[in-house]
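Participant: Have a look at the structure that comes next, please.
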Amino acid sequence: MRIDVHAHYFPAPYFDRFNRLGGDTSYVTPAMLGGGAAHELEARFKNMDAAGVEMQVLSVSSMFPYFDREADAVDAAVEANDLYAELVARYPRRFKAFATTPLPHVDAALKELERALDKLGMIGITVGTSVMNRSTVDEAFEPFYAELNRRGAVIFVHPVGLGVCSPLIRDYGLSWSIGAPFEDTTFVTHVIKRRILERYPKLKIIVPHFGGALPLILDRIERTMRLFAPDNTETATATVKRMWYDTQVHARPEILRYAHAVLGVERLVYGSDFPLNRGDDYVRSVNYIRDAGLPAGDAEKILDRNAAQLLGLKA
Amino acid sequence: MRIDVHAHYYPNTMIKRAERLGADLSAVRRISLASEEKADLEARLKMMDEAGVDMQALSVSSTQPYYEKENDAVDAARESNDLYAELVERHPKRFAAFAALPLPHVDAAMKELERALDQLKMVGVTIGTSVVSRSAAEEAFEPVYAEMNRRGCALFVHPAGLGVCSPLIRDFGLTWVCGAPFEDTMFALHIIRRQIPQRYPKIKIIVPHLGGAIPALFTRLDATKPMYAAPNAEPPTTTLKRLWYDTVAQNNTAGLKCAVATLGADRLVYGSDYPYQLHAEYLNSVKYVQESGLPKADIDKMLDQTAARLLGIAG
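Residue numbers (the numbering used here), protein chains in the order written: chain A, 1 to 315; chain B, 1 to 315.
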């Protein structure tokens with residue numbers, strides 16, 4: 001069953017609210033047809049059918065409701081999740097959704113997490129690579145991860161577009177070119193440092209873009225464990241191999257091949273970043289995996305099996 | 001002729017001065033066998049012999065003389081360049097050296113550049129991925145690039161060790177874990193933004209660590225170009241192929257292959273990161289390239305040909 005784990009949905013009411021609250025929506029254009037109007041959904045289904053994608057698991061991209069004012073955060077999260085659940089309810093065989101939560105407000109996040117997973121039937125959670133300028137796995141958020149672990153929940157991570165909070169990246173227009181992959185990689189190192197998966201082994205974490213620079217620097221991370229994670233009882237590689245990684249790298253087969261070599265086929269799940277990649281690029285996001293010369297059967301695992309297994313969905 | 005373009009030298013006098021000036025020496029304190037002492041030099045030469053390395057081109061790593069007070073910067077730069085030139089003079093067949101410049105003091109940097117290249121006969125310049133918290137590609141530094149271009153000299157870039165000035169990296173002990181490769185990548189993007197390789201094509205720029213994250217982000221950099229580069233600029237991946245990259249990657253064969261596949265074997269030059277890789281690791285910095293499974297012609301270029309040509313050193 002072909003599932004696209006990295007697909008975004010921009011329903012107008014949430015988009016407008018997010019904008020009003022000062023969030024950045026500049027990278028989303030009307031041409032992306034990412035909203036909920038009939039013609040937009042039609043375009044989305046057309047893309048999915050052309051690529052043989054049976055289902056998209058939708059998420060808010062970087063538009064996380066991480067606001068200082070708890071009321072702002074909660075109202076935004078509730079609206080987003082309601083809108084997503086509504087779409088899923090209308091097309092249950094084509095869509096599932098990752099719920100968003102009003103971090104850094106932990107109690108509110110726990111409440112919304114429960115509502116989204118139990119009442120709205122959402123399939124997992126999406127979190128940012130940071131919560132504003134705080135680590136997503138900050139000590140204050142322990143109860144959040146404890147609950148997600150209790151549930152064995154799936155967590156889809158997404159860059160927040162803050163250039164890993166570096167002025168040398170943000171102020172130079174580099175937040176989405178190099179900033180976002182850096183955010184992916186930094187998130188992984190934080191998970192290692194805070195021993196999140198040693199302590200919460202039932203979490204199923206998906207990191208996009210093969211983890212950014214992760215496969216290139218995994219050996220480096222391993223060699224420098226004593227500098228940032230001296231008390232860990234497992235290697236960096238062992239922790240990395242407890243997570244999953246989506247395949248969205250603008251269809252570059254050399255990158256898929258080396259990521260496959262470092263991470264292993266079991267860790268890879270198909271993702272597209274729809275609708276930022278759409279039309280021919282959407283089809284390419286599938287085909288490049290098939291055409292990359294991977295060992296027999298591996299492309300099929302990545303495209304049609306691993307995500308279904310991870311999410312507990314059957315064909 | 002096998003030249004190791006990424007090797008550091010920490011003469012005691014230089015380190016003592018840096019300490020007095022309040023530099024962060026954590027990266028220096030955690031290693032050994034890097035000083036001018038007889039036993040250290042003997043050990044270094046022995047490792048070089050075992051690895052078939054004819055020559056190391058030495059640089060100051062992140063201990064750049066980038067002090068706020070011009071006198072401090074100038075004195076530090078002059079001293080380290082003198083100390084390096086002294087070692088080269090004693091062992092001219094085994095060592096060459098990149099000059100450190102007293103940035104951000106541009107006039108002083110121009111003066112020291114002239115002295116280092118003309119009087120001290122140094123083989124090129126080493127620059128940090130940033131000048132403290134300023135981009136190394138800032139407009140203010142143009143005269144230095146213009147002069148390096150006029151001379152056609154080699155420019156060895158090295159992480160500044162500031163974790164791209166991100167608290168999510170610096171405050172989590174990640175400066176030398178993922179911070180350094182991020183800084184390499186950031187530098188490349190900064191010079192692409194300012195079209196430095198196109199405007200100063202005679203500078204031979206060497207970026208360490210396979211370019212940090214560059215191979216992993218290859219097509220992404222072109223896809224996101226409108227966010228950070230001029231509309232009429234060439235594709236960023238074209239500009240990236242005007243630079244060179246050293247092979248320091250903790251023996252990540254898959255990463256090396258990805259770098260060759262994206263950047264080209266012609267753009268890679270052998271480096272070790274001595275003394276951060278010693279003994280067996282130093283030897284492996286050569287062996288992993290030799291045993292990579294890449295074509296012999298590519299291996300020969302990377303290990304034994306390209307660097308000599310770049311640095312203008314005959315075999």
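Note that the Cβ used here is the ideal one computed from N, Cα and C, for glycine as well.
1) Compute the Euclidean distance between the alpha carbons of E114 of chain B and F15 of chain A, then round it to the nearest angstrom.
2) Rank A:M63, A:V5 and A:A50 by C-alpha distance to the C-alpha of P11 of chain A and give the top, closest one.
3) Starting from the C-beta of T235 of chain A, find all residues in its chain whose C-beta is less than 8 Å away, skip the five residues before and the five after it, and write them out in chain order.
4) Using 10 angstroms around the beta-carbon of D316 of chain A, count the other beta-carbons present and answer buried if the total reaches 16, otherwise exposed.
5) For chain B, find out if any of its Cβ atoms is closer than 9 Å to the Cβ of I178 of chain A; answer yes or no.
6) Cβ of I205 of chain A within 9 Å of Cβ of V191 of chain A?
7) Taking only three categories from DSSP, how would you classify G124 of chain B?
8) Would you check if there are 3 or more beta carbon pairs closer than 8 Å linking the region 234-254 of chain A to the region 267-285 of chain B?
9) Only counting the same chain, and skipping five residues up and downstream in sequence, which positions put a Cβ closer than 7 Å to that of G181 of chain B?
10) Would you identify the three-state DSSP class for S285 of chain A, choosing helix, strand or coil?
11) So, with DSSP's three-state summary, where would you put L58 of chain B?
12) Determine the burial state of H91 of chain B: buried for a count of at least 16 other Cβ atoms within 10 Å of its Cβ, exposed for fewer.
13) For S135 of chain A, which residues in chain B fall below 8 Å Cβ to Cβ?
14) What residues in the region 213-231 of chain B bring their beta carbon closer than 7 Å to a beta carbon of chain A?
15) Hey, could you find the ends of the beta strand (DSSP E) M110 of chain B is sitting in?
16) Does the beta carbon of R316 of chain A come closer than 9 Å to any beta carbon on chain B?
17) I'd like the span of the alpha helix (DSSP H) that includes G255 of chain B, first residue to last.
18) Taking C-beta pairs closer than 9 Å, name the residues in chain A that K257 of chain B reaches, listed in chain order.
19) Just by C-beta distance, which residues in the region 187-203 of chain A are closer than 8 Å to chain B?
20) Determine whether the beta carbon atoms of I217 of chain A and V269 of chain A lie at a separation below 9 Å.
21) Apart from the five residues on each side of it in sequence, which residues of its chain come closer than 6 Å, Cβ to Cβ, to L87 of chain B?
22) Could you say which of B:A154, B:H158, B:L41 and B:R150 lies nearest to A136 of chain B if we only look at CA atoms?
23) Assuming Y274 of chain B and A7 of chain B make a contact with CB atoms under 8 Å, what is their CB distance in whole Å?
24) Starting from K301 of chain A, trace the alpha helix (DSSP H) both ways and give me its first and last residue.
25) Name the residues in the region 188-209 of chain B whose C-beta lies less than 7 Å from a C-beta of chain A; which are they?
26) Between the Cα of M302 of chain B and those of B:K69, B:H279 and B:I206, spot the shortest distance and give me the residue it belongs to.
27) Is the beta carbon of Y33 of chain A sitting closer than 9 Å to the one on A43 of chain A?
28) Considering only the alpha carbon of each residue, which of B:L162, B:E138, B:A216 and B:D171 lies closest to I191 of chain B?
29) Report the neighbours of T262 of chain B on chain A: residues whose CB is nearer than 7 Å to its CB, in chain order.
30) Report yes or no: do the region 23-30 of chain B and the region 154-164 of chain A share at least 3 C-beta pairs separated by less than 8 Å?
31) Just to confirm, are M227 of chain B and S166 of chain A a CB contact at a threshold of 9 Å?
32) Using the beta-carbon of each residue, which ones in chain B are nearer than 7 Å to T185 of chain A?
33) If you draw a straight line from the C-alpha of A51 of chain A to the C-alpha of L117 of chain A, how long is it?
34) Can you check whether the CB of P197 of chain B is closer than 9 Å to the CB of L268 of chain B?
35) Is it true that the CB of Y84 of chain B sits closer than 9 Å to the CB of M122 of chain B?
36) Determine the direct distance from the alpha carbon of E183 of chain B to that of R134 of chain A, and round the result to whole angstroms.
Facilitator: Quick look at the numbers:
1) Here residue 114 of chain B corresponds to residue number 114 of the second sequence, with the count starting at 1. Here residue 15 of chain A corresponds to residue number 15 of the first sequence, with the count starting at 1. Rounded to whole angstroms, E114 of chain B to F15 of chain A spans 57 Å at the Cα level.
2) The count along the first sequence starts at 1 and reaches residue 11 of chain A at position 11. Comparing Cα positions, the closest option is A:M63.
3) As a position in the first sequence, residue 235 of chain A is number 235, starting the count at 1. If we look at T235 of chain A and ignore the five residues flanking it on each side, its Cβ neighbours are E222 and M225.
4) Beyond the ends of chain A as shown, which are 1 and 315, falls residue 316 of chain A; an answer cannot be given.
5) Here residue 178 of chain A corresponds to residue number 178 of the first sequence, with the count starting at 1. At least one chain B Cβ lies under 9 Å of I178 of chain A.
6) For the purposes of this step, residue 205 of chain A is taken as the residue at position 205 of the first sequence. For the purposes of this step, residue 191 of chain A is taken as the residue at position 191 of the first sequence. Cβ distance < 9 Å, so I205 of chain A and V191 of chain A count as in contact.
7) Along the second sequence, one-based indexing puts residue 124 of chain B at 124. Three-state result, G124 of chain B: strand.
8) no
9) Here residue 181 of chain B refers to the residue found at position 181 when the second sequence is read from its first residue. Sequence check: residue 181 of chain B is Pro here, not Gly. H209, G212 and A213.
10) Working through the first sequence from its first residue, we reach residue 285 of chain A at position 285. It is helical.
11) Along the second sequence, read from residue 1 onward, the residue named residue 58 of chain B stands at position 58. In this structure, L58 of chain B counts as strand in the three-state DSSP scheme.
12) One-based indexing of the second sequence puts residue 91 of chain B at position 91. With fewer than 16 other Cβ atoms within 10 Å, it is exposed.
13) As a position in the first sequence, residue 135 of chain A is number 135, starting the count at 1. Simply L168 and F172.
14) A213, P215, A216, L217, F218, T219, R220, L221, A223, T224, M227 and Y228
15) Within the second sequence, numbered from 1, the residue matching residue 110 of chain B stands at position 110. It is not in any beta strand (DSSP E) - M110 of chain B instead sits in the alpha helix (DSSP H) that spans V106 to E114.
16) Any question about residue 316 of chain A goes unanswered here, given that chain A covers just 1 to 315.
17) In the second sequence, the residue the question calls residue 255 of chain B occupies position 255. Residues T253 to L263.
18) On the second sequence, position 257 is the one that residue 257 of chain B refers to. In chain order: E254, R257, Y258 and A261.
19) T189, H190 and K193
20) Within the first sequence, the letter at position 217 stands for residue 217 of chain A. Within the first sequence, the letter at position 269 stands for residue 269 of chain A. Going by C-beta atoms, I217 of chain A is not nearer than 9 Å to V269 of chain A.
21) Start at 1 with the first residue of the second sequence, and residue 87 of chain B comes out as number 87. Contacts found: F95.
22) Residue numbering aside, residue 136 of chain B sits at position 136 when the second sequence is read from its first letter. For A136 of chain B, the nearest C-alpha among the options comes from B:H158.
23) Here the question's residue 274 of chain B lines up with position 274 in the second sequence. Here the question's residue 7 of chain B lines up with position 7 in the second sequence. Indeed they touch by this definition, with Cβ atoms about 4 Å apart.
24) Here residue 301 of chain A refers to the residue found at position 301 when the first sequence is read from its first residue. Per DSSP, K301 of chain A belongs to no alpha helix (DSSP H) and is neither H nor E.
25) L189, H190 and R193
26) For this step, residue 302 of chain B is matched to residue 302 along the second sequence. Among B:K69, B:H279 and B:I206, the Cα nearest to that of M302 of chain B belongs to B:I206.
27) Translated into positions along the first sequence, residue 33 of chain A becomes position 33. Translated into positions along the first sequence, residue 43 of chain A becomes position 43. First, the residue type needs correcting, since residue 33 of chain A is Leu and not Tyr in the sequence shown. Going by C-beta atoms, L33 of chain A is nearer than 9 Å to A43 of chain A.
28) The count along the second sequence starts at 1 and reaches residue 191 of chain B at position 191. For the residues B:L162, B:E138, B:A216 and B:D171, the minimum Cα distance to I191 of chain B belongs to B:E138.
29) The count along the second sequence starts at 1 and reaches residue 262 of chain B at position 262. In chain order: E254.
30) no
31) Position 227 of the second sequence, counted from the first residue, corresponds to residue 227 of chain B. Position 166 of the first sequence, counted from the first residue, corresponds to residue 166 of chain A. No, these two residues do not count as a Cβ contact at 9 Å.
32) Start at 1 with the first residue of the first sequence, and residue 185 of chain A comes out as number 185. What T185 of chain A touches in chain B: C178.
33) By 1-based counting over the first sequence, the position of residue 51 of chain A is 51. By 1-based counting over the first sequence, the position of residue 117 of chain A is 117. In a straight line, the C-alpha of A51 of chain A is about 29 Å away from that of L117 of chain A.
34) Within the second sequence, numbered from 1, the residue matching residue 268 of chain B stands at position 268. Within the second sequence, numbered from 1, the residue matching residue 197 of chain B stands at position 197. Cβ distance not < 9 Å, so L268 of chain B and P197 of chain B don't count as in contact.
35) In the second sequence, residue 122 of chain B corresponds to position 122, counting from 1. In the second sequence, residue 84 of chain B corresponds to position 84, counting from 1. In contact: M122 of chain B and Y84 of chain B (Cβ atoms closer than 9 Å).
36) Here residue 134 of chain A corresponds to residue number 134 of the first sequence, with the count starting at 1. Here residue 183 of chain B corresponds to residue number 183 of the second sequence, with the count starting at 1. Near 21 Å, if we compare the C-alpha coordinates of E183 of chain B and R134 of chain A.
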